[in-house]
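For the sequence shown, position 59 (counting from the first letter as 1) is numbered 58 according to numbering that gives the first Met the number 0, and the numbering increases by one without interruption.
These notes concern the structure reproduced below.
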Amino acid sequence: MKKRISAIIFLLITCLSAAVLSGCGNAGKTADTAEDENLIVVGFSQVGAESDWRNANTLSMTEALSPENGYRLIIDDAQQKQERQITAIRNFINQGVDYIVLAPTTETGWDTVLNEAKAAGIPVIIVDRMIETEDKTLFKCWVGSDFRREGEKAVAWMSENLTGPLKIVHLQGNIGSSAQIGRTEMLMNSLEDHEDWSIVFQETGDFTQAKGQELMEEILENNIDFNVIYTENDNMAFGALTALENAGINPGTDITIISFDAGRRALNLMLEGCINFDVECNPLHGPRVQALIEEMEAGMVPSKYTYVEEETFEVGSLTKEMIDARGY
Ligand code: AHR
Numbered sequence: 000m001k002k003r004i005s006a007i008i009f010l011l012i013t014c015l016s017a018a019v020l021s022g023c024g025n026a027g028k029t030a031d032t033a034e035d036e037n038l039i040v041v042g043f044s045q046v047g048a049e050s051d052w053r054n055a056n057t058l059s060m061t062e063a064l065s066p067e068n069g070y071r072l073i074i075d076d077a078q079q080k081q082e083r084q085i086t087a088i089r090n091f092i093n094q095g096v097d098y099i100v101l102a103p104t105t106e107t108g109w110d111t112v113l114n115e116a117k118a119a120g121i122p123v124i125i126v127d128r129m130i131e132t133e134d135k136t137l138f139k140c141w142v143g144s145d146f147r148r149e150g151e152k153a154v155a156w157m158s159e160n161l162t163g164p165l166k167i168v169h170l171q172g173n174i175g176s177s178a179q180i181g182r183t184e185m186l187m188n189s190l191e192d193h194e195d196w197s198i199v200f201q202e203t204g205d206f207t208q209a210k211g212q213e214l215m216e217e218i219l220e221n222n223i224d225f226n227v228i229y230t231e232n233d234n235m236a237f238g239a240l241t242a243l244e245n246a247g248i249n250p251g252t253d254i255t256i257i258s259f260d261a262g263r264r265a266l267n268l269m270l271e272g273c274i275n276f277d278v279e280c281n282p283l284h285g286p287r288v289q290a291l292i293e294e295m296e297a298g299m300v301p302s303k304y305t306y307v308e309e310e311t312f313e314v315g316s317l318t319k320e321m322i323d324a325r326g327y
């Protein structure tokens, strides 16, 4: 009998302890969930990982929209395919995210899916490149670069610094993206004012290093005569430099190299004299997107368009200290 009573007491204590412990556990879980529930959920449809610029941009978004700052960021890498971005946006809508951030591959083709986001009441922020749409209510705001202005800066430098007939190899970014459209448009316009400038080769290298190298090898194999490379991003420049160097040609001296992005790797190559002029395209949009969301959270209406200030870099005046002071 005594044994039976002890066994019952033991069982009771065990159950009570378990209940208390599981209660603590539950309390912990509830706290976690509550914390999660307080986070602002952002679905970010990113173009891909095609360039150093893009990777710096993804990192900037991840650092700014972090749990410590009150966010849960869901990133979808579209591998430079618009269909994938459309699917990602639909998934974000189904998940009921609080905001959608879209870095669009191309300018056109967004109306249907953005109308779906609008119908679901999810605010959309466009970042980096622009979209083309009649209905400006499909997105709350945009932050990014003025790609035409970037192209203008490159062309102005060529005009002021290069003489004689220019035989230009033009490596384009992915066709239909704002970065390609703006940078290409300004180069093409400049031909009207410069009779001795001509494009001897023009093709897309999709903003990638591999394609930049491939195209430059093709140009060299076909003995195309050129003295300038206008490459619409640094990564294509890196590929082109490799092909030139493999062929015993000195980039920066035998051939003038003009590029866009001005990332650290490119600026270090400029210090070595391999790139002549680089127009900055600033990828650090994370804190800017964060500020826009915070304005909306506070019930404010953010500026519809925010253009980022960007500078240019030139061989000869660039220093190591200038590179070290930069954020990417
Ligand atoms: O839209 C910005 C452009 O996209 C950058 O110039 C390029 O490097 C990136 O892939």
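Heads up, the beta-carbon is just placed ideally off N, CA and C, and yes, glycines get one too.
In or out: residue i buried (at least 16 other Cβ within 10 Å) or exposed?
{"i": "D253", "result": "exposed"}
{"i": "N93", "result": "exposed"}
{"i": "N234", "result": "buried"}
{"i": "T111", "result": "exposed"}
{"i": "K1", "result": "The predicted position of K1 is uncertain, since its pLDDT is 43 and thus under 50; a value taken from the coordinates is nonetheless stated next. So K1 ends up on the exposed side."}
{"i": "Q289", "result": "buried"}
{"i": "G120", "result": "exposed"}
{"i": "V41", "result": "buried"}
{"i": "V300", "result": "exposed"}
{"i": "K210", "result": "buried"}
{"i": "Q78", "result": "exposed"}
{"i": "A297", "result": "exposed"}
{"i": "Y70", "result": "buried"}
{"i": "E329", "result": "As shown, the chain starts at 0 and ends at 327. That puts residue 329 outside it, with no answer to give."}
{"i": "D35", "result": "exposed"}
{"i": "A337", "result": "Nothing can be reported for residue 337: it is not among the residues displayed for the chain, which extend from 0 to 327."}
Sort out for me which residues DSSP pairs residue i with in a bridge.
{"i": "D260", "result": "E279"}
{"i": "D127", "result": "G143"}
{"i": "W196", "result": "L165"}
{"i": "R338", "result": "Nothing about residue 338 can be read from this structure; the chain reaches only from 0 to 327."}
{"i": "E78", "result": "A small fix is needed here, since residue 78 is Gln in this sequence, not Glu. According to DSSP, Q78 bridges with nothing at all."}
Nearest CA to the CA of residue i: which residue from the options?
{"i": "Y229", "options": "E49, Y306 and F259", "result": "F259"}
{"i": "G108", "options": "A297, E115 and E131", "result": "E131"}
{"i": "E310", "options": "S144, D127 and D51", "result": "S144"}
{"i": "V96", "options": "A102, N114 and P122", "result": "P122"}
{"i": "S44", "options": "E36, D127, S50 and N114", "result": "D127"}
{"i": "G238", "options": "D134, F206, F138 and E106", "result": "F206"}
{"i": "C140", "options": "N173, A102, Q208 and A246", "result": "A102"}
{"i": "L317", "options": "D192, Q212 and L268", "result": "L268"}
{"i": "I85", "options": "E115, S59 and T57", "result": "E115"}
{"i": "G150", "options": "Q179, D134 and M129", "result": "Q179"}
{"i": "R53", "options": "A242, G315, L219 and G172", "result": "G172"}
{"i": "A261", "options": "A242, L243 and G326", "result": "G326"}
{"i": "N37", "options": "F91, T57, N68 and Y304", "result": "N68"}
{"i": "I125", "options": "E308, N281 and L291", "result": "L291"}
Taking the C-alpha atoms as reference points, what is the distance between residue i and residue j?
{"i": "S177", "j": "R83", "result": "18 Å"}
{"i": "R263", "j": "E320", "result": "12 Å"}
{"i": "G175", "j": "H169", "result": "16 Å"}
{"i": "L270", "j": "F276", "result": "11 Å"}
{"i": "G204", "j": "S189", "result": "21 Å"}
{"i": "A55", "j": "N232", "result": "14 Å"}
{"i": "P250", "j": "A48", "result": "26 Å"}
{"i": "V100", "j": "E279", "result": "23 Å"}
{"i": "I73", "j": "T136", "result": "24 Å"}
{"i": "K80", "j": "E202", "result": "19 Å"}
{"i": "G181", "j": "T105", "result": "12 Å"}
{"i": "N245", "j": "L214", "result": "14 Å"}
{"i": "N281", "j": "Y306", "result": "10 Å"}
Three or more C-beta pairs below 8 Å linking the region 148 to 157 and the region 180 to 190: In short, these stretches touch, since the Cβ pair count reaches three.
Taking three-plus beta-carbon pairs below 8 Å as touching, is the region 162 to 171 in contact with the region 191 to 201? Contact between the region 162 to 171 and the region 191 to 201 is present, because at least three Cβ pairs lie under 8 Å.
Indicate whether the contact test is met: 3 or more Cβ pairs, each with one atom in the region 281 to 288 and one in the region 51 to 70, closer than 8 Å. Segment contact: the region 281 to 288 against the region 51 to 70, three or more CB-CB distances shorter than 8 Å; contact assigned.
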